[in-house]
Amino acid sequence: MKSSLRSEAGHEERMLRLIELAGKTVIRFSEELGRILLLLFAAVKQLFRPPFEAKNTFKQMLEIGIRSLPVVLITALFTGMVFALQTFTGFKRFGAESLVGTVVALSMTRELGPVLTGLIVAGRAGAAIAAELGTMRVTEQIDALETLATNPVKYLVVPRFIAGVFMLPALAVIAAITGIIGGYIVTVGLFETSSIAYWKRTWDYLEVSDILNGLIKSGFFGASISLISCYKGFYTRGGAEGVGKATTGAVVLSSMTILISDYFLSVWLFK
Amino acid sequence: MIEIVDLHKSFGKKQVLTGVNLTVEKGESMVVIGGSGSGKSVLVKHIIGILAPDSGTIRIDGIDITTLHENALYEIRKKFGMLFQMAALFDSMTVWENVGFSLLRSKKMTPKEVRAIASEKLRLVGLVGVEEVMPSDLSGGMRKRVGLARAIAHEPEILLYDEPTTGLDPIMADAINDLIIEMKQRLKVTSIAITHDMNSAYKIADRIAMLYEGKIVETGTPEEIKNTQNALVRQFVTGSAVGPITIEGVQYEKSFNRA
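Protein sequences, first through last, are from chains V and R. The first sequence maps to residues 1 to 271 in the numbering used here. The second sequence maps to residues 1001 to 1259 in the numbering used here.
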């Protein structure tokens, strides 16, 4: 009798703790989301207010866009190649290997171009942004900007935001083209099918909307990466350890946001 | 003139400032002393408007900055220059770009003119030929000097010093003290320094105020502070572990030793 009472009390306590934990997680998540949105509003407000940070924005475009290019090229090329390899051997089982060009083109423009570049930029530029802004925060450089009559959101966040929004689509297009070339190399070079057929299959079924929707997706990914990484860096606390946590947090949250929002964007754009 | 009236600030449940009252006259050098974590940095960040108070007012030459709109606040900040504890130099820029940062951004001068002014300000703090050096290649004392040159580049009326001598050797610390006095005499600035270095406080202050548990508990000239009857202040300025101020986390050990 006693022991059953005790176990019941223990059970109740465990349930309470579980509910408490769930509640805390929800609160923390909403808090974080709210603060990210506040940063977005602050950035948008500063976006249209002169003076414009042309030099800074250009520097960030170089950092986020051009410096990510080698990794994007290599990743896209090999993804296109392996994709062609797998679909060719797979589709051969039911005699549809002529469709390889179409499959590679559609998946690279609609899906892999935006998502792969998104994940690469999140790992490369997202981490760099969070680490840089985080270090600036813990060494009081962000406070110093304020004392020098410079709005840190305008000076630091806006250029990175613009760079993210414009460079990601550019990278995604390059990735898609590179992937299609990778597919061509394998299908035509390795499996010795007709070069004309590959290109014909690629262009015949590719629609403008595929490319356009891919651009919209990658623009959204670019905005998310910049905003999340800036947010993580901007609100860093606790010295070197804090900077490390902010960097990891930026990469994890950006990547999750890309993968999850990719589904919902696809539902909305391609339904 | 700077007038702080009944300033309150909490972070979460932690009350940091619990009704600070302090007036600093034009041209005066005020030093705020207080232990680590007494809220000195928080106070100074309120004066320059980086932090907003929960309640209370801060008037700079009669203007209440706690109610100011963002743009007006950035405008009023041009009256200020601040030297940060670790100098807070922008490590992606050279020394002269750091010093000339606000001038370069205001775009009223060519980079060449800004550079000339930066060199002049650097000379004023005793640095020559470091214009092209990156901040990471400077020693702690030199970084503080560059930080000071940056703080005075736009010719502010008020200078704020956050622990100006912390982390420096005694000779370098004294050199910085001399610089602070020189800034006051040559530039006729109002200055507020926060520190727990009493040598520095006695040397640079016209008046000293002590912050304890979120309030100013005593204000006076260095001489008055030296001879104070206030037990809290006495304990702090003489640097004794025994007295009304208790050190957080050490209580248990003491009572244990006594038993």
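We put the beta carbon where it would ideally sit given N, CA and C, even for glycine.
Chain V contact residues for residue i, given Cβ-Cβ distances below 7 Å
i: residue 1074 (chain R); result: 149 and 151
i: residue 1090 (chain R); result: 141
i: residue 1078 (chain R); result: 149
Closer than 8 Å at the beta carbon, the chain R residues around residue i
i: residue 32 (chain V); result: By Cβ distance, chain R contributes nothing, its closest Cβ being about 16 Å from residue 32 (chain V), past 8 Å.
Residue i: contacting residues in chain V (beta-carbon distance under 9 Å)
i: residue 1084 (chain R); result: 139, 140, 141, 143, 144 and 147
i: residue 1101 (chain R); result: 144, 145, 148 and 150
Supposed close pair residue i, residue j - CB separation, criterion 8 Å
i: residue 201 (chain V); j: residue 116 (chain V); result: Not quite, the Cβ-Cβ distance comes to about 22 Å (not below 8 Å), so this is no contact.
i: residue 266 (chain V); j: residue 224 (chain V); result: With a Cβ gap of about 15 Å, residue 266 (chain V) and residue 224 (chain V) do not count as contacting.
i: residue 104 (chain V); j: residue 180 (chain V); result: 6 Å
i: residue 1023 (chain R); j: residue 1003 (chain R); result: 5 Å
i: residue 40 (chain V); j: residue 227 (chain V); result: 6 Å
i: residue 1187 (chain R); j: residue 1212 (chain R); result: Actually they do not touch by this definition, with Cβ atoms about 31 Å apart.
i: residue 1201 (chain R); j: residue 1208 (chain R); result: 6 Å
i: residue 1083 (chain R); j: residue 1144 (chain R); result: 7 Å
i: residue 119 (chain V); j: residue 258 (chain V); result: 6 Å
i: residue 1013 (chain R); j: residue 1054 (chain R); result: With a Cβ gap of about 13 Å, residue 1013 (chain R) and residue 1054 (chain R) do not count as contacting.
Proximal chain R residues relative to residue i, where beta-carbon distance stays under 9 Å
i: residue 50 (chain V); result: In chain order: nothing, as chain R lies at least about 11 Å away.
Three-state secondary structure assigned by DSSP to residue i
i: residue 1019 (chain R); result: strand
i: residue 1240 (chain R); result: coil
i: residue 11 (chain V); result: helix
i: residue 1090 (chain R); result: coil
i: residue 261 (chain V); result: helix
i: residue 48 (chain V); result: coil
i: residue 1184 (chain R); result: helix
i: residue 1061 (chain R); result: coil
i: residue 110 (chain V); result: helix
i: residue 1260 (chain R); result: There is simply no residue 1260 (chain R) to check, as chain R begins at 1001 and stops at 1259 in what is shown.
i: residue 1171 (chain R); result: helix
i: residue 1132 (chain R); result: coil
i: residue 238 (chain V); result: coil
i: residue 1220 (chain R); result: strand
i: residue 1113 (chain R); result: helix
i: residue 187 (chain V); result: helix
i: residue 82 (chain V); result: helix
i: residue 271 (chain V); result: coil
i: residue 1046 (chain R); result: helix
i: residue 1125 (chain R); result: coil
i: residue 254 (chain V); result: helix
i: residue 1227 (chain R); result: coil
i: residue 27 (chain V); result: helix
i: residue 1144 (chain R); result: helix
i: residue 1164 (chain R); result: coil
i: residue 53 (chain V); result: coil
i: residue 1199 (chain R); result: helix
i: residue 194 (chain V); result: coil
i: residue 151 (chain V); result: coil
i: residue 1067 (chain R); result: helix
Cut-off 7 Å between Cβ atoms - residues of its own chain near residue i, not counting five sequence neighbours on either side
i: residue 251 (chain V); result: 122, 123, 126 and 127
i: residue 136 (chain V); result: 142
i: residue 1065 (chain R); result: 1049, 1058, 1073 and 1076
i: residue 62 (chain V); result: none
i: residue 1029 (chain R); result: 1184, 1191, 1204, 1205 and 1206
i: residue 1103 (chain R); result: 1109, 1114, 1117, 1153 and 1154
i: residue 164 (chain V); result: 64, 222, 223, 225 and 226
Residues bridged to residue i (per DSSP)
i: residue 249 (chain V); result: According to DSSP, which records beta bridges pairwise, residue 249 (chain V) is partnered with nothing at all.
i: residue 1011 (chain R); result: R:1014
i: residue 1032 (chain R); result: R:1194 and R:1209
i: residue 1215 (chain R); result: R:1212
i: residue 1055 (chain R); result: R:1008
i: residue 1159 (chain R); result: R:1081 and R:1191
i: residue 1002 (chain R); result: R:1024 and R:1060
Residues that residue i contacts on chain V, provided the C-beta gap is smaller than 8 Å
i: residue 1050 (chain R); result: 143, 146 and 147
i: residue 1107 (chain R); result: 51
Sequence-distant residues of its chain with Cβ nearer than 6 Å to residue i (five each side left out)
i: residue 191 (chain V); result: 88
i: residue 204 (chain V); result: none
i: residue 101 (chain V); result: 198, 201 and 202
i: residue 186 (chain V); result: 81, 84 and 85
i: residue 196 (chain V); result: none
i: residue 1161 (chain R); result: 1083 and 1193
i: residue 46 (chain V); result: 153, 154 and 158
Contacting residues, own chain, Cβ-Cβ under 8 Å from residue i (five flanking each side not counted)
i: residue 71 (chain V); result: 120 and 124
i: residue 211 (chain V); result: 109, 173 and 176
i: residue 1142 (chain R); result: 1127 and 1130
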